[in-house]
Structures are given as C-alpha cells and as structure tokens.
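Under the working numbering, the first residue of the sequence shown carries the number 2, and numbering increases by one thereafter.
All C-beta atoms in this analysis are idealised placements derived from N, C-alpha and C, irrespective of residue type, glycine included.
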Amino acid sequence: FENSFHLPMDRLLYNDNDEQLRNELKLNIEKNQQIVIVCRRGNDSQLAVRRLKELLADVDNIDEKIKDLEGGFQAWHTDVDSTFPLY
C-alpha cells in the first residue's frame with residue numbers, strides 16, 4: 002500500500018533500541034497524519050497500538066493518530082471486500 006510502513010511485531014515489542022525506533026515512528030507519523038495498524042484477526046494489532054502509544058506518548062494527539070483495524074484482514078474480507086484474499 003502507498004505510504005505503508007511495515008514493522009514486525011518482534012521489533013516493536015522486543016526492541017533493544019527504543020530511541021531509534023521512536024525516531025523512525027515519529028518521522029512516519031509526521032509524514033502520514035494517521036496510522037492504521039492491521040493484522041490477520043485484530044488481536045496482535047491491539048498489542049501493537051498499545052506499544053506504539055507508549056513509545057510515542059510525547060506526540061500530540063497520539064490517541065487520535067494511531068488506530069487499530071478491528072477484526073483485522075479477516076474482518077476486512079468479511080465486511081468490506083470478499084475478494085480480499087485470506088491467509
């Protein structure tokens with residue numbers, strides 16, 4: 002997807018260098034005013050949103066800028082686009 006940013010869960014949850022990760026994320030948030038986190042079923046994305054909000058607590062309106070796509074790709078397939086492939 003255009004303007005997407007791939008961040009593996011392991012790097013987000015178990016990163017040894019929070020400052021480097023925080024700087025990368027801040028650049029992404031400045032470029033894209035809103036970030037939507039998505040995973041297969043919507044469970045891991047909830048963890049990711051929580052961690053991102055911890056890392057970026059000093060960013061203005063962070064609660065409004067980072068969102069979770071409830072139900073993940075599976076819900077997108079069921080509720081929005083049945084041609085979207087499931088994995």
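CA nearest to the CA of residue i, picked from the options
i	options	result
Ile-63	Glu-31, Phe-6, Leu-13 and His-7	Glu-31
Gly-73	Val-37, Gln-21, Pro-9 and Glu-55	Val-37
Helix, strand or coil at residue i according to DSSP, with G and I counted as helix
i	result
Val-81	coil
Leu-48	helix
Identity of the residues DSSP links to residue i by a beta bridge
i	result
Lys-68	Val-37
Local Cβ density within 10 Å of residue i, reported as buried at 16 or more and exposed below that
i	result
Leu-53	buried
Val-81	exposed
Asp-59	exposed
Leu-87	exposed
Proximity test, Cβ basis, 8 Å: residue i and chain C
i	result
Asn-16	The structure shown has no chain C; it contains just one protein chain.
For the stretch 76-84 against the stretch 48-58, are there 3 or more C-beta pairs whose distance is under 8 Å? no
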